[in-house]
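So the sequence shown is numbered by the numbering used here: it starts at 5 and just counts up by one. Cβ coordinates follow ideal geometry from the N, Cα and C atoms, glycine included. Please read the structure below before turning to the comments.
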Amino acid sequence: MRSLRLVEAALASDSLVPHYQPVVNIRTGQTVGVEALARVIGAGGQVVPAEEFHSALQDPSVSVRVTDRMLGRIAEDFRAHLDSGGPFQHVGINLSLADLTNADLSERLARTFGDHGVPLGHLVLEVTETVYLDGNSVGIAAEIRKLRDQGLLVALDDFGTGYASLKHLQSFPVDIVKIDKSFVRDLPSDRSSVAIVEGLIGIANRMGMKVVAEGIETTEQADFLRNAGCTLGQGYLFGKPVPANQAAQRIVDNA
Ligand code: G
Ligand code: G
Ligand code: NA
Ligand code: MN
């Protein structure tokens with residue numbers, strides 16, 4: 005309830021904005037993309053803790069409006085990024101079940117990105133396994149195929165945390181697998197995390213999918229993942245989510 009009011013107010017005052025976290029090639033250190041994460045900016049300019057509004061994203065009508073707002077800002081920010089000769093090529097957005105069952109999604113994507121002259125090939129749709137589990141999975145798979153035909157990429161998010169994860173790799177169109185941070189956290193000392201992560205990387209690589217390891221916080225974790233055949237990573241070691249202007253700054257600093 006509190007969370008709903010917070011998001012409603014943030015949408016009304018235009019203070020719900022994307023922050024961006026880098027996705028890095030862990031072999032070269034180069035930033036290859038960013039993930040957009042919704043943030044509410046408080047009256048004093050401070051970032052409201054994300055937990056305070058996440059439950060509102062479960063509400064279908066709120067979620068669809070948040071996605072609309074996010075898409076508009078992302079398209080705008082990415083246009084500016086391309087205009088400044090920005091080096092990375094991809095931006096990810098998190099979608100909920102409500103977004104994927106909204107009949108307008110593909111038109112909204114095409115229109116919003118088209119308006120800013122940003123080709124849809126730059127967009128990654130991040131979808132969690134629970135979206136497939138909670139919805140009509142056949143209908144969702146068909147919707148995702150339709151979206152992919154428009155040229156964008158699909159990432160299976162928080163991979164490994166859902167029921168029947170491996171079945172999803174087989175049944176759904178997926179370009180990128182994002183290994184959940186709960187498996188990365190205890191690398192390299194925890195034997196079961198090691199076995200699971202090595203297995204997931206091997207399966208994804210052999211199926212021709214890209215793998216992003218999430219939640220990398222230490223150089224030991226990054227070293228382990230590199231040796232295990234993972235090329236892409238995300239986490240506080242490389243960068244926290246930051247506003248668009250700082251995302252560009254940081255990346256220029258790195259170049
Ligand atoms: O940084 P973090 O606490 O924001 O994100 C927590 C959760 O909120 C993650 O599971 C993330 O996928 C989700 N989330 C962040 N931004 C968005 C958004 O714009 N839309 C949706 N549907 N979920 C989001
Ligand atoms: O969309 P997804 O559920 O994957 O959301 C990613 C979440 O993980 C966001 O809340 C983001 O802020 C958070 N996050 C990103 N990098 C790290 C990290 O290195 N460590 C931890 N603990 N959380 C992270
Ligand atoms: Na995500
Ligand atoms: Mn994730």
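DSSP state of residue i mapped onto helix, strand, coil
i, result
"Ala259", "Summary for Ala259: the model assigns pLDDT 41, below 50, so the residue's position carries little reliability; its value from the coordinates is reported in the next sentence. Ala259 falls in the coil class under three-state DSSP."
"Ile97", "strand"
"Val178", "coil"
"His23", "strand"
"Ala226", "helix"
"Phe187", "helix"
"Lys171", "helix"
"Thr35", "strand"
"Val51", "strand"
"Ile45", "strand"
Exposed unless 16 or more other CB atoms sit within 10 angstroms - verdict on residue i
i, result
"Gly233", "exposed"
"Met1", "Nothing can be reported for residue 1: it is not among the residues displayed for the chain, which extend from 5 to 259."
"Glu111", "exposed"
"Leu50", "Note on identity: in this sequence residue 50 is Gln, with Leu being the wrong assignment. With fewer than 16 Cβ atoms within 10 Å of its Cβ, Gln50 is classed as exposed."
"Ala40", "buried"
"Leu170", "exposed"
"His126", "buried"
"Glu224", "exposed"
"Asp257", "Caution applies to Asp257, whose pLDDT of 49 falls short of 50 and renders its modelled position unreliable; the value that the coordinates give is listed next. Asp257 should be labelled exposed."
"Pro123", "exposed"
"Gly237", "buried"
"Asn98", "buried"
Expected contact under 8 Å - CB spacing of residue i and residue j to nearest Å
i, j, result
"Thr145", "Ser100", "Before going further, note that residue 145 is Ala rather than Thr in the sequence given. Actually they are not in contact, since the Cβ atoms of Ala145 and Ser100 sit about 16 Å apart, beyond 8 Å."
"Phe228", "Pro192", "4 Å"
"Val38", "Asn29", "About 13 Å; that fails the 8 Å criterion."
"Leu104", "Gly139", "7 Å"
"Leu20", "Ala42", "6 Å"
"Val52", "Leu8", "The Cβ separation is near 14 Å, so there is no contact."
"Val142", "Ile183", "At roughly 26 Å, the Cβ-Cβ gap does not stay under 8 Å, so Val142 and Ile183 are not in contact."
Beta-carbon spacing of residue i, residue j below 9 Å
i, j, result
"Leu129", "Leu86", "no"
"Ala217", "Gly239", "yes"
"Asp161", "Thr116", "no"
"Ala2", "Gly96", "Residue 2 is absent from the structure shown; the chain starts at 5 and stops at 259."
"Phe57", "Leu10", "yes"
"Met213", "Val246", "no"
"Leu241", "Ala251", "no"
"Ile148", "Val188", "no"
"Gly166", "Tyr136", "yes"
"Pro22", "Phe92", "no"
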